[in-house]
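Colleague: Got a structure for you, written out below as structure tokens; questions coming shortly.
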Amino acid sequence: MREIVHLQAGQCGNQIGSAFWHTISGEHGLDSSGMYNGTSELQLARMNVYFNEVRDIV
Numbered sequence: 001m002r003e004i005v006h007l008q009a010g011q012c013g014n015q016i017g018s019a020f021w022h023t024i025s026g027e028h029g030l031d032s033s034g035m036y037n038g039t040s041e042l043q044l045a046r047m048n049v050y051f052n053e054v055r056d057i058v
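Counted the way the UniProt record's numbering counts, the sequence shown spans residues 1 to 58.
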């Protein structure tokens with residue numbers, strides 16, 4: 001299992017972190033709500049490195 005630790009510190013770190021997640025989700029075809037709206041199977045490749053799908057238990 002692969003683990004990635006992402007740390008953000010201070011205003012600059014938060015801005016860089018926000019830009020990182022915006023870029024990564026765009027590259028994988030995810031919209032702001034986390035839904036896949038991509039156009040290529042390549043976008044789905046290795047998506048589980050950064051993202052995990054969970055079910056909302058209410």
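All C-beta atoms in this analysis are idealised placements derived from N, C-alpha and C, irrespective of residue type, glycine included.
The structure presented is a predicted model; accordingly, all values stated were derived computationally and were not measured.
According to DSSP, is Leu30 part of a helix, a strand, or is it coil?
Modeller: In the sequence shown, the residue the question calls residue 30 occupies position 30. Note: Leu30 maps to strand in three-state DSSP.
Colleague: In chain order, what residues of the same chain lie with their CB nearer than 7 Å to the CB of Leu30, ignoring the 5 residues before and after it?
Modeller: What you label residue 30 is simply residue 30 of the sequence shown in a count that begins at 1. Here the set comprises Tyr36.
Colleague: Given a cut-off of 8 Å, decide if Gly17 and His28 are closer than it, judged by their beta-carbon atoms.
Modeller: Numbered from its first residue, the sequence shown carries residue 28 at position 28. Numbered from its first residue, the sequence shown carries residue 17 at position 17. Their beta carbons are not under 8 Å apart, which means His28 does not touch Gly17 by this criterion.
Colleague: Measuring only the C-alpha atoms, how far is Tyr50 from Ile57?
Modeller: As a working note, residue 50 is residue 50 in the sequence shown. As a working note, residue 57 is residue 57 in the sequence shown. Approximately 22 Å between the Cα atoms of the pair.
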